[in-house]
Amino acid sequence: MNLSRDASERDPSMTGLPRVLYVHPYGHLNDLIVPAGALSTMNAIAVPKYGLYSFELTPTDLQQAKVILADLHWGVGLHGLKQLVLAVRRHHPEARVIVGGITASAFPEFTLDETGADFLIQGDAEASIAGLVSKLLAGREPGAMANVWRPGKPPPKLRRLSPGEFDRTDSVSADWFPSFGRLDAQDSMAFSPSRWIFAQRGCGHRCEVCHGSWAGAFGSGALRRSPGGLVEMVSRQQALGGKSLQMYFGYLPASVFRAYLEALAARPRWFTNSVGLYLCTPPTPNDLRLLRAAFPESPLVLSMVWPTDYAVASLQPDYVREQERRYAIAAARADEMTTFEFWYSRAEDAERIQNVLADVSPRHVKLSFGRVWRMPRPNLRAIERGEGSREEQLENLRLLARHGRDLRWARLFSPSLNRLFAIYGDLDDLAGDPEAMAAPEGELGEYWQRALTYWRSHNFPFLPGLGFVLAPFASEAQVSDMEGLRAKGGLVFLPSGQWRLLRRKTAVPLTVADDARTAVYEAALPPLPAKAIGWVILPALEGTAAPENFANQAALAVCGRSFAGGGRLRFRLIADRLAAFKVLSDSREVILGQCRRAGG
Numbered sequence: 003m004n005l006s007r008d009a010s011e012r013d014p015s016m017t018g019l020p021r022v023l024y025v026h027p028y029g030h031l032n033d034l035i036v037p038a039g040a041l042s043t044m045n046a047i048a049v050p051k052y053g054l055y056s057f058e059l060t061p062t063d064l065q066q067a068k069v070i071l072a073d074l075h076w077g078v079g080l081h082g083l084k085q086l087v088l089a090v091r092r093h094h095p096e097a098r099v100i101v102g103g104i105t106a107s108a109f110p111e112f113t114l115d116e117t118g119a120d121f122l123i124q125g126d127a128e129a130s131i132a133g134l135v136s137k138l139l140a141g142r143e144p145g146a147m148a149n150v151w152r153p154g155k156p157p158p159k160l161r162r163l164s165p166g167e168f169d170r171t172d173s174v175s176a177d178w179f180p181s182f183g184r185l186d187a188q189d190s191m192a193f194s195p196s197r198w199i200f201a202q203r204g205c206g207h208r209c210e211v212c213h214g215s216w217a218g219a220f221g222s223g224a225l226r227r228s229p230g231g232l233v234e235m236v237s238r239q240q241a242l243g244g245k246s247l248q249m250y251f252g253y254l255p256a257s258v259f260r261a262y263l264e265a266l267a268a269r270p271r272w273f274t275n276s277v278g279l280y281l282c283t284p285p286t287p288n289d290l291r292l293l294r295a296a297f298p299e300s301p302l303v304l305s306m307v308w309p310t311d312y313a314v315a316s317l318q319p320d321y322v323r324e325q326e327r328r329y330a331i332a333a334a335r336a337d338e339m340t341t342f343e344f345w346y347s348r349a350e351d352a353e354r355i356q357n358v359l360a361d362v363s364p365r366h367v368k369l370s371f372g373r374v375w376r377m378p379r380p381n382l383r384a385i386e387r388g389e390g391s392r393e394e395q396l397e398n399l400r401l402l403a404r405h406g407r408d409l410r411w412a413r414l415f416s417p418s419l420n421r422l423f424a425i426y427g428d429l430d431d432l433a434g435d436p437e438a439m440a441a442p443e444g445e446l447g448e449y450w451q452r453a454l455t456y457w458r459s460h461n462f463p464f465l466p467g468l469g470f471v472l473a474p475f476a477s478e479a480q481v482s483d484m485e486g487l488r489a490k491g492g493l494v495f496l497p498s499g500q501w502r503l504l505r506r507k508t509a510v511p512l513t514v515a516d517d518a519r520t521a522v523y524e525a526a527l528p529p530l531p532a533k534a535i536g537w538v539i540l541p542a543l544e545g546t547a548a549p550e551n552f553a554n555q556a557a558l559a560v561c562g563r564s565f566a567g568g569g570r571l572r573f574r575l576i577a578d579r580l581a582a583f584k585v586l587s588d589s590r591e592v593i594l595g596q597c598r599r600a601g602g
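If you read the sequence shown in my numbering, its first letter stands for residue 3, the second for the next number, and so on.
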């Protein structure tokens with residue numbers, strides 16, 4: 003599926019109108035996921051609007067837009083957002099840029115300073131966005147407005163949505179964002195790009211590894227959708243052809259949760275992929291029956307933070323033990339199509355969970371190491387408790403902006419590093435505790451230790467100093483096995499044991515040049531030396547062993563006659579599928595992770 007669209011292929015009715023453009027910046031763990039709050043904020047604007055992923059963006063899109071909105075939800079997107087604002091200033095300086103999201107709301111002054119945006123909406127953006135956009139489209143400078151920050155102006159007053167206003171928010175409709183709409187039938191390892199429906203915004207528990215720890219970015223208290231409002235959103239998701247359903251409940255009183263389930267059970271719905279509930283209220287056996295009545299044929303996945311990670315855990319151990327007991331009862335009563343996914347962030351809790359659930363069939367339970375959810379992001383709860391300062395969290399965000407993409411590119415370019423860091427999964431679904439893994443020997447161990455040092459300090463495996471070089475290679479296999487690659491050119495994965503480097507001391511650096519769309523990699527290649535059939539991309543970590551020591555490992559290679567005479571190699575990495583990235587090289591397109599492999 004190719005999501006990219008040329009500007010001329012888009013809705014012609016938008017041309018020439020005062021356009022409001024939403025752009026989801028690149029640089030996230032999964033660039034295809036769009037925050038639910040971004041959708042509901044855009045749906046609160048009743049004017050012509052359009053949504054694009056950053057990799058779809060063209061200068062024409064920016065030049066036609068009068069108001070441009072972007073999200074800074076996770077801090078890892080800070081770098082891509084900065085590049086977007088720079089592109090706006092270059093192609094359409096008169097356009098006004100509005101930023102919102104969890105990280106933006108937690109650190110408004112920092113975000114404005116770092117990105118150069120014109121406005122920032124803190125908290126419940128739906129409360130103010132329509133008025134702000136209306137004034138900007140009319141060419142009027144907005145004065146002081148609730149929730150709206152401006153550089154150099156006093157902080158605004160914050161206004162929460164009323165329960166009725168929250169009930170009317172819509173995080174499902176996305177006809178104005180065509181590419182996002184085409185993704186709804188796909189799943190990923192943990193969080194998919196399907197629409198999220200929030201029964202509750204904020205949470206009383208405010209645990210570090212959950213949405214509740216960011217509630218302070220919106221204001222005090224939690225907003226809840228009415229049971230009827232929740233049913234309406236679920237019905238809309240199905241009517242739009244959604245294959246999956248994702249709902250966030252957080253922690254709710256049992257009576258409130260049951261009212262939601264009774265309303266859903268009264269109008270059964272069918273979703274063929276799955277129905278996921280992020281829930282920290284232990285369901286009773288009757289709750290499970292209501293859920294099955296609501297979704298008769300859908301696989302159910304109930305994700306929750308294990309009670310030892312609750313913010314109240316150290317204060318109320320009896321409460322935690324009672325919660326654990328209730329989870330064990332519920333998991334034991336689960337039917338064949340229901341899975342409980344428990345998130346924990348301390349390695350010692352895995353054994354505790356297994357003991358509590360000793361009588362539960364393993365096929366109903368999944369344990370996920372959730373420490374990554376403590377990674378650099380707004381953690382207002384920790385600041386409130388005196389665990390870390392605001393400045394320390396800002397430094398984490400700066401680290402993310404500089405190095406957050408390192409591990410992703412390393413895993414895409416180097417199968418050796420991909421295997422080495424496999425335990426990190428997609429960073430939202432760890433395969434286990436990285437600290438429990440023995441460091442490999444040799445030069446790979448240097449990479450592992452560098453990442454682990456940052457993991458221990460920041461809960462994110464940064465690789466500062468990582469770069470890539472290209473070196474010429476020859477085939478150790480029969481020449482006929484490689485002939486097809488020479489004829490067709492392109493990017494392929496080479497298996498280990500079938501190639502060797504030539505002229506090891508003349509590696510060519512592969513540099514990165516960011517733009518508003520994604521990272522762009524470039525290299526000036528000299529003519530291939532004699533006997534060489536292509537260039538192999540190797541990681542080069544500053545201060546570690548020379549890259550040629552990765553010879554005879556599987557690697558990504560640039561092959562073919564089109565590169566034999568040298569010239570400039572240039573390609574982009576674009577999130578086009580859930581588990582793969584597209585590489586654009588000249589006019590050819592290859593999906594990394596699904597490339598042809600030499601010799602088979």
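Virtual Cβ for every residue (Gly too), placed ideally from N, Cα, C.
- Secondary structure of Q356 (DSSP, three-state): helix.
- For T113, the enclosing alpha helix (DSSP H) stretches over residues P110 to T117.
- According to the DSSP assignment, F179 belongs to no alpha helix (DSSP H), since it is labelled neither H nor E.
- Counting the other CB atoms within 10 Å of its CB gives N357 a total below 16, which places it among the exposed residues.
- Inclusion of L399 and G77 in the CB contact set at 8 Å is warranted, their separation being smaller than that value.
- Non-local beta-carbon contacts of F251 in its own chain, meaning distances under 8 Å to residues more than five positions away in sequence, involve A201, Q202, F259, Y262, L279, Y280, L281, C282 and T283 in chain order.
- Residue pairing by DSSP places L432 opposite F371 in a beta bridge.
- Contact annotation: W450 and L422 have beta-carbon atoms nearer than 8 Å.
- Here A333 carries a helix assignment [DSSP, helix/strand/coil].
- Here E58 really is in contact with S181; their C-beta atoms are around 6 Å apart, less than 8 Å.
- A distance below 6 Å between beta-carbons, with the five flanking residues on each side excluded, links V522 to the following residues of its chain, in chain order: A515 and R574.
- For a cut-off of 8 Å, the C-beta gap from F109 to L396 is around 6 Å, short enough to register as a contact.
- Residue range G536 to L543 is occupied by the beta strand (DSSP E) that includes P541.
- By the Cβ rule, the stretch 56-72 does not count as touching the stretch 436-449, because fewer than three pairs are nearer than 8 Å.
- In this structure, S42 and D172 form a Cβ contact; the two beta carbons are roughly 6 Å apart against a cut-off of 8 Å.
- When DSSP states are grouped into helix, strand and coil, L468 belongs to the strand group.
- For C209 against V303, the beta-carbon gap comes to about 19 Å, at or over 8 Å, which does not count as contact.
- The beta carbons of I100 and A129 sit no closer together than 8 Å.
- Between T340 and L290, the CB-CB gap stays under 8 Å.
- One thing to note: I539 has its Cβ within 8 Å of the Cβ of F470.
- Cβ contact annotation for G230 (same chain, cutoff 7 Å, sequence separation greater than five): A265, in chain order.
- DSSP lists no beta-bridge partner residue for I104.
- For R452, the enclosing alpha helix (DSSP H) has its first and last residue at E445 to H460.
- Sequence-distant partners of L134 (beyond 5 residues in either direction) whose C-beta falls short of 8 Å from its own C-beta, in its chain, are I100, F121, I123, P144, M147 and V150.
- For the 8 Å CB-CB criterion, L138 and R91 do not form a contact.
- A straight-line Cα-Cα distance of about 35 Å links G103 and E324.
- Taking a contact as a CB-CB distance under 8 Å, the pair A412 and I425 does not count as one, their CB atoms being some 14 Å apart.
- Assignment of Y55 by DSSP, reduced to helix, strand and coil, places it in the strand class.
- In this structure, the straight-line span from the alpha carbon of P497 to that of P541 is close to 16 Å.
- The alpha-carbon of V560 is positioned some 7 Å away from that of V494.
- Annotation: R269 to L242 spans about 17 Å, alpha carbon to alpha carbon.
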